[in-house]
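Data block below; observations after.
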Amino acid sequence: MSRIRIAQTLKRLRKNAGYTAGEVGEKVGKSEKTISGWENDRGQPDADILMQLCDIYNVSDILAEFREDEKIASTGDDERDQLLLDINSAIRGMTSAELTRYYRTHTGSLRNPM
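Quick note: to get the working numbering, add 28 to the position in the sequence shown (first position is 1).
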């Protein structure tokens with residue numbers, strides 16, 4: 029697992045939780061600059077802070093989050109890569125019924141509805 033993947037995952041989790049870097053910093057007793065640094069591969073949180081981040085982001089298995097992000101191959105386009113990570117995260121949070129409904133709405137088809 030690369031350091032940049034860890035940084036990207038931390039940023040994605042924070043954004044998905046709806047927090048700013050400053051808000052997360054207040055919760056863990058660190059500065060906004062420190063949080064931003066972790067998310068831009070300028071350092072990493074220690075294990076205790078990482079556990080606090082798991083609680084804040086409502087993540088039960090942080091390593092699974094990092095591994096999931098690694099499964100998405102980089103395209104070399106940072107904006108596109110981030111969009112793919114965000115879509116992947118959103119899909120993982122949907123129920124089968126929600127995913128089916130979304131797919132039908134946006135494509136107009138689904139051969140074997142659930």
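From the three backbone atoms N, C-alpha and C, an ideal C-beta is built for every residue, glycine too. Being a predicted model, the structure only gives us computed values, none of them experimental.
The straight-line gap separating the alpha-carbon atoms of L111 and V52 is approximately 22 Å. In this model, D83 and A45 are separated by some 11 Å (Cα to Cα). By the 16-neighbour rule on beta-carbons within 10 angstroms, A49 is buried. Per DSSP, reduced to three states, the secondary structure at S124 is helical. At a Cβ-Cβ threshold of 9 Å, N68 and K43 do not count as neighbours.
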